[in-house]
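As structure tokens, the structure follows; a few thoughts come after it.
Numbering (the working numbering), first residue to last: 147 to 255.
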């Protein structure tokens with residue numbers, strides 16, 4: 147039986163929390179940019195409480211986080227922490243669409 151997981155990606159820095167909620171097909175259900183006002187853990191908790199209130203509480207959720215506070219939050223939620231640069235490289239590999247990208251100051255197709 148395949149579970150219908152939601153996936154929350156968090157980029158938790160000292161200035162803002164960037165959040166994306168995706169369904170199992172990789173479609174973005176919600177995305178948010180929230181200023182932390184110097185309290186990244188508190189703002190992340192508020193944001194997650196708000197976002198998750200819109201979905202059934204018994205629906206399984208996977209969490210991954212990056213950035214300065216991401217490790218702390220990922221650990222507390224039982225999620226996965228990934229270095230930002232590694233996350234970006236994996237995303238490029240996974241979602242590259244044949245568009246243009248910049249390498250060492252030159253545009254490549």
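Don't be surprised by glycine CBs; every beta carbon is placed ideally from N, CA and C. Since the model is a prediction, treat every value here as computed from it, not as a measurement.
Sequence-distant partners of residue 170 (beyond 5 residues in either direction) whose C-beta falls short of 7 Å from its own C-beta, in its chain, are 150 and 151.
For residue 181, DSSP records a beta bridge to 162. DSSP, reduced to helix, strand and coil, places residue 216 within a helical segment of the structure shown.
Residue burial is scored here from C-beta neighbours: residue 235 has fewer than 16 other C-beta atoms within 10 angstroms and is therefore classed as exposed. In the three-state DSSP reduction, residue 221 falls in the helix class (H, G or I). Of the candidates 189, 184, 205 and 185, 189 places its Cα closest to the Cα of residue 165.
Note that the stretch 223 to 234 touches the stretch 191 to 210; at least 3 beta-carbon pairs, one per stretch, sit closer than 8 Å.
Distance between residue 216 and residue 167, taken at the CA atoms: about 16 Å.
For residue 196, the secondary structure class from DSSP, reduced to helix, strand or coil, is helix.
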